[in-house]
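Residue numbers are given in full-length UniProt numbering: position 133 of the sequence shown equals residue 133, and the series is strictly consecutive. What follows is a short report on a single structure.
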Amino acid sequence: MRPLLSLRALSITPIAVFHLPLALGAGGSCEPSKSTSIARSEAETWGTINPSKDLIWHSCYQETGIFECARLQVPLDYAEPGGRQAAIALIRKPATTREGYRGPVLFNPGGPGDSGVNMILSSADDLATILGPQFDIVSFDPRGIARSTPRANHFDMDVERVLFGTLSGPSPWIEDGVVTGIERVWAQSQLLGALAASHDDGYLEHITTENTASDMLRIVQAHGEEKLQYWGFSYGSILGATFAALYPDKVERMVLDGVADAEDYYATAWLNSLTDSEKTLQLFFDHCAEAGPANCPFYSLTPSDIQGNIIALQDKLIAEPIAVRTDTYYGIVDHSTLHFNLFISLYSPFASFKPLANALAQLAAGNGTALLSLLGEPVPYTCSCDEHAHDWDPLPEAFATVLCNDGAEVSGSLKDLQDYWNELAGVSQFADYWGTIHAGCVGWPKNKKPFHGPFVGDTSHPILLIGNTADPVTPLSSAKKMASGFKNSVVLTIDAGGHTSLGAPSVCAHQHVWQYFQNGSLPGQGTVCDPIIKNSFLVPASPEGNVMARGLGNGDEDAKLLAAVTRMVRKFKPTSIIPRISKRGL
Ligand SMILES: *[C@@H]1O[C@H](CO)[C@@H](O)[C@H](O)[C@H]1NC(C)=O
Ligand SMILES: *[C@@H]1O[C@H](CO)[C@@H](O)[C@H](O)[C@H]1NC(C)=O
């Protein structure tokens, strides 16, 4: 297909400067705001727990649910166990039954750089519904991230981070298969590397997935268990595969969901991610045409008509961007805003296709508000008189820190970057955006001993891998490749578009996950699950309601499972490996 045009206004982390909150200008005052009161309670939660070598749980976040928090002390450098220490921030929702207690299951939400604490805060109840009440639902902010210290932080002041984003010029875009406009990204990336190095007091090189895998073993042992039970999404599949490669005899249960190719990741190549992204986009065209005008607001008679209408919108926006101002924020909708929204909608067609079609229809009528609002409401940046107000916030630089530290060194040559990006453009039209991941490591301080695998092992229990037939960023082929290294592992396929099992809700798939955690049994090789609904434009307003559940056969249990899965799908849009748009107005 003719590539749709590309995304602009990206900085290298990469973060998009898309829209700004109206309250930005008011942030200089010392008035307490909502975000500073959240920051205060974070400080009260984490700042008052002393890191310890044993897991000492403290009740926390009681307004949100029944949670316990702990800070586990681990060596910053495992080669020097007596040297400087790191503190891993953990949270758990304890098992609700002691009868048949099955120990902790650890979760990783992806990223890299995403907060496991946040995942548990938003989804612990649903995860417990999916797995059963006998498990502790546990996660943690991986080392270097959010509430785990030392934290990856390349700036002296928060406002400097905000301003750094504004240095980026127009983002790269693809013209006749050639990526143009990468020079500024290349230069800004060197700046970021220099800032990372100048804020490094010796911690930086230890923020790696290999070390996080060792931290997971410590966490399990501190729980009094010998082996790991784990469910990792997206980048969490890299973390899981790294653990399995290092400690094959410590695997009790491992689900890798939305599986990335670990060799490609550790090579800092990112060339195998997007092989199915056009396939996912094609589902938008096909399903919209099939659903009809009553269900798809951007309907046209054939899929290629719909595709053509999107390209026409892109062309129109190149000529004439649209200014948008709402009561709370403002921004500019241009062709890159559109291209980016197309891309992120692919993570969860179930949750995103219908709102996207609605936004496109409004855009066709000259109104860009709905499209801009798909990016979410920007949170106003507030200066605080308390310099420690943001000490426990997730920071966007965690993303590049983990992946650049993990990966092979990226060439500093502009020509090499150009060649790389052109190669990626041959994989997918979304290369304009995706290339910024690799580019973000240009100028990164050299990692002395990156991990190389091999990603093979005879694990003490076989691994369950989950892949979707049209996953935009972790194609099924990567799940199959990773499975080939681990003895007796099984790939469970979900025949749907979207990223991870949370991007493509399937009762069948989650029943297999439940079964696997309950008694260790794996689905047969080659098992394919259907999603709860094939065409995302036909999702009823309340899929967890009776109508759907009745069609699924097994009554109450399935209805509860379905409700949990669909709630999670809606919260996790889009799920990780994608560089998120910062919620702080960046
Ligand atoms: C644009 O659409 C939004 C809803 O997305 C609506 O609130 C607004 O009034 C519309 N603006 C114009 C000028 O029609
Ligand atoms: C696990 O449970 C399923 C169904 O309940 C059963 O078919 C299977 O044989 C069990 N496997 C083991 C290893 O107990």
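Every residue, glycine too, gets a C-beta built ideally from N, C-alpha and C. Source: prediction; values computed, not measured.
What number of angstroms, rounded off, separates the C-alpha of residue i from the C-alpha of residue j?
i	j	result
Ala245	Pro454	7 angstroms
Cys288	Gln307	10 angstroms
Val539	Asn108	28 angstroms
Arg98	Gln134	7 angstroms
Leu106	Glu226	14 angstroms
Gln362	Leu338	12 angstroms
Pro445	Ala425	27 angstroms
Thr566	Ala323	34 angstroms
Ser384	Glu160	14 angstroms
Gln418	Val179	7 angstroms
Trp231	Thr242	13 angstroms
Glu205	Glu320	46 angstroms
Ala124	Arg92	8 angstroms
Gln515	Leu371	40 angstroms
Lys279	Pro472	8 angstroms
Thr45	Gly177	51 angstroms
Met482	Ala364	43 angstroms
Pro355	Gly82	53 angstroms
Asp156	Gly165	15 angstroms
Ser234	Gly111	7 angstroms
Tyr101	Val410	47 angstroms
Phe430	Ala496	20 angstroms
Asn211	Asp158	27 angstroms
Val569	Leu131	16 angstroms
Thr209	Pro297	43 angstroms
Arg84	Ser148	14 angstroms
His388	Gly47	10 angstroms
Pro523	His512	7 angstroms
Gly202	Leu403	18 angstroms
Verify the contact flag: residue i, CB atom, against every heavy atom of ligand 3, threshold strictly below 7 angstroms.
i	result
Thr328	As for ligand 3, it is missing from this structure, which binds only ligand 1 and ligand 2.
Compute the minimum distance between the beta carbon of residue i and the heavy atoms of ligand 1, and state whether it is under 7 angstroms.
i	result
Thr369	yes
Gln62	no
Gln307	no
Gln362	yes
For residue i, I'd like the list of residues in its chain whose CB is within less than 7 angstroms of its CB, leaving aside the five on either flank, ordered along the chain.
i	result
Glu290	Asn535
Ser478	Val259, Ala260, Asp261, Asn272
Ala509	Ile466, Leu492, Ile494, Ser501, Cys529
Ile238	Thr209, Ala260, Ala262, Tyr265
For residue i, which residues of its own chain have a beta-carbon under 6 angstroms away from its beta-carbon, when the five flanking residues on both sides are left out?
i	result
Asp200	none
Pro475	Thr275, Asp276
Ser29	Only weak support is given to the placement of Ser29: the predicted model assigns it a pLDDT of 47, under 50, and the value that follows is read from those uncertain coordinates. Within the same chain, Ser29 has no close Cβ partners at all.
Pro104	Asp136, Val138, His223
Lys53	Gln73
Pro172	Val179, Gly181, Ile182, Asp432
Leu360	Phe298
Phe285	Pro303, Ile306, Gln307
Might you give, ordered along the chain, the residues of its own chain that have their beta carbon closer than 8 angstroms to the beta carbon of residue i, omitting 5 neighbours on each side?
i	result
Leu271	Asp264, Glu423, Leu424, Val427
Gly443	Ser189, Gln190, Leu191, Leu192, Gly193, Ala194, Gly412
Lys487	Gly457, Asp458, Thr459, Pro462
- Task: Output the residue ranges of the beta strand (DSSP E) runs that lie fully inside the stretch 482-539 and measure 3 residues or longer, sorted by chain position.
- Result: 490-497
- Query: What are the start and end residues of each continuous alpha helix (DSSP H) run of 4 or more residues lying completely inside the UniProt domain "AB hydrolase-1" (104-259), in chain order?
  - Reply: 116-131, 158-165, 183-198, 209-222, 235-246
- On the three-pair Cβ rule with 8 angstroms, is the stretch 251-262 touching the stretch 458-477? yes
- Can you list the beta strand (DSSP E) stretches of 3 or more residues lying completely in the stretch 361-438, in chain order? none
- Length at least 4, wholly inside the stretch 273-304: the alpha helix (DSSP H) runs in chain order: 277-291
- Query: Can at least three beta-carbon pairs, one atom from the stretch 386-406 and one from the stretch 142-152, be found at a separation below 8 angstroms?
  - Reply: yes
- Task: May I have a chain-ordered list of the alpha helix (DSSP H) segments no shorter than 4 residues that lie completely inside the stretch 449-484?
- Result: 476-483
- Task: Would you list, in sequence order, the uninterrupted alpha helix (DSSP H) runs of no fewer than 4 residues that lie entirely inside the stretch 302-361?
- Result: 303-319, 335-345
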